[in-house]
Structures are given as C-alpha cells and as structure tokens.
Amino acid sequence: MIFLNRKLMISDIHGCYEAFLKLLEKVDYHPDRDTLVLLGDYVDRGRMSKETVEQVRDLVHDHDVIALRGNHDQRLVDLIRTDDAAVQAKFLEHGGLQTLQSYCDVIGTDVDQELLNQARIHIQQNFIDHIEFLETLPLYHEDSHHIYVHAGINPSYADWRTQPDYDFMYIKKVFHDARLDLDKPVVFGHTRAIELHDSADVWFQDDKIGIDGGCAYGLQLNCLIYENGIYSTVHINNPK
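So for the sequence shown, the numbering used here puts the first residue at 872; every next one is plus one.
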C-alpha cells in the first residue's frame, strides 16, 4: 500500500538508535512522500546517542526532516560549551553517562572529574559538528494542523511563541492541566505517556497529544501518524 502526504511524529529517542531505525522501517517511512517531525531528546540514557544524533542530522540535511531541540540535547550543548559544575552534575544525573560512553571509548561505568574533562575535550575536538547541529535546532514548529514542541506550551502567555526557551524544553504539569485555547492541537514529548494515562501508548486530548513512549525506560518508541485528518499510531517495544 502506498501512503501519500503522511505526517510522522516521533519524540524522545534518547539514544535508542536501533529502536528508531526499526520504527522507521515498521511505518515504511519514505522521505519523498512522508514528512517526519522529531520532537527532541536524541541523547542520554540509551546506549547509542552518538549514532542517533548522526542519523537525525543526516535526515535533516538530506531529507528536510523537521527536528526540534529537547532539554537533554540542550544539556549536552551546555556541557560542552561551558565549564559550569552545576551543568555537569545535572548532565550526569539525568542519563549523561551513557552519552559519554557513546562518544568516548575511555568512559566505563563511572566517571570522575578528570574523565569528564577528557570526554568534554574529546567531543569538542571530534564531534563539535554534533554540538553545532543540536544547538541550532528550533524549539517549535507549526503547520496548518499542529503545533510541535518538545515539552509543551505555557498557557500564561497570550502568544505561546514568546514564552521562555525553558518552557519549550521543560514545562510539564501547568501545560498538561491547562485547557488551551488554540486552533490546533499541540504535539509534545518530554513527559512519558505512562505518567499521563498509565499507558506507554500515545495520550490523546482535544488540545494536546503526548507521544513519549518511554523508550529509554524499557517501554516503547511511539510514532504518531496523521494522514487525511485521521490519527493512527505504531510503536516498537524496547525492553531493557
């Protein structure tokens, strides 16, 4: 069966590179006829952050895939661009060790300050193109049918586009609980669907759709498909 003009939406890959490739194969993704929108968080927790960033970058450059920036992507950028100890601690606290292991062969099951500094230098010298790619990704995308963000929209702002960058990448409950007065639904990741409705499957509301399946937590990687006004979903299980 040939699918035309489909919109495919995936979020929070988190280094689960193999699951990502399997999901694209399962939905029969073809860049010449599908629009792929990725909602951020390509790194941390999963084993293959480096490969995931490389793949996403190639998809953006070669096939005009839309890729947004998530909070974990920003945290990796901040780790490399600054010497902030708080940033380093937060990075390691939230799955950053697996990212360092992906980029640096010398990183084992633990990392001290010396190893962290070596890893930062290694990434600066060998993968600065990945950092430059991640830091230039947009925080939102909009088309005639949806608004796409990583985390959500702050209902306190009359124009959601003017909200702080932090909200695009981090907002949770205030957004989830709000009834948005917008002319199209917001598709988002960041918060695992299982936290929203006790299921890893896509969470549907009239004004918002949460698609983070918790792939890096041993759950699933979701793809939300929109075609001719109809939604469907496909997922790949990713047990630890």
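For every residue, glycine included, the Cβ atom is placed at its ideal position computed from N, Cα and C.
Distance CB(residue i)-CB(residue j) smaller than 7 Å
| i | j | result |
| --- | --- | --- |
| residue 883 | residue 1100 | no |
| residue 1018 | residue 1057 | yes |
| residue 1107 | residue 909 | no |
| residue 911 | residue 939 | yes |
| residue 1062 | residue 1079 | no |
| residue 1016 | residue 1055 | yes |
| residue 948 | residue 1008 | no |
| residue 1041 | residue 942 | yes |
| residue 904 | residue 951 | no |
| residue 902 | residue 934 | yes |
Through-space distance from residue j to residue i, alpha-carbon basis
| i | j | result |
| --- | --- | --- |
| residue 1110 | residue 1088 | 8 Å |
| residue 1025 | residue 1036 | 11 Å |
| residue 1072 | residue 1094 | 10 Å |
| residue 1001 | residue 1085 | 24 Å |
| residue 1066 | residue 975 | 33 Å |
| residue 994 | residue 928 | 16 Å |
| residue 962 | residue 1029 | 33 Å |
| residue 1104 | residue 985 | 45 Å |
| residue 1003 | residue 922 | 16 Å |
| residue 889 | residue 1096 | 20 Å |
| residue 1031 | residue 987 | 37 Å |
| residue 1069 | residue 1023 | 19 Å |
| residue 925 | residue 892 | 12 Å |
| residue 998 | residue 964 | 22 Å |
| residue 1034 | residue 1075 | 24 Å |
| residue 1038 | residue 1014 | 20 Å |
| residue 981 | residue 1047 | 36 Å |
| residue 1092 | residue 944 | 18 Å |
| residue 1064 | residue 1090 | 10 Å |
| residue 953 | residue 989 | 14 Å |
| residue 1051 | residue 1102 | 20 Å |
| residue 983 | residue 1098 | 49 Å |
Same chain, Cβ closer than 6 Å to residue i, five either side skipped, listed in chain order
| i | result |
| --- | --- |
| residue 972 | 978 |
| residue 920 | 886, 914, 970, 973 |
| residue 881 | 909, 1094 |
| residue 937 | 908, 1012 |
| residue 966 | 915, 916 |
| residue 930 | 936 |
Status (buried if at least 16 other CB within 10 Å, exposed otherwise) for residue i
| i | result |
| --- | --- |
| residue 897 | exposed |
| residue 876 | exposed |
| residue 1053 | exposed |
| residue 946 | buried |
| residue 1082 | buried |
| residue 996 | exposed |
| residue 956 | exposed |
| residue 1077 | exposed |
Own chain residues within Cβ distance below 7 Å of residue i, not counting five before or after
| i | result |
| --- | --- |
| residue 900 | 879, 907 |
| residue 959 | 950, 987 |
| residue 1049 | 1026 |
Chain B within 7 Å of residue i, Cβ atoms only
| i | result |
| --- | --- |
| residue 1012 | Absent here is chain B; the protein component of the structure consists of one chain. |
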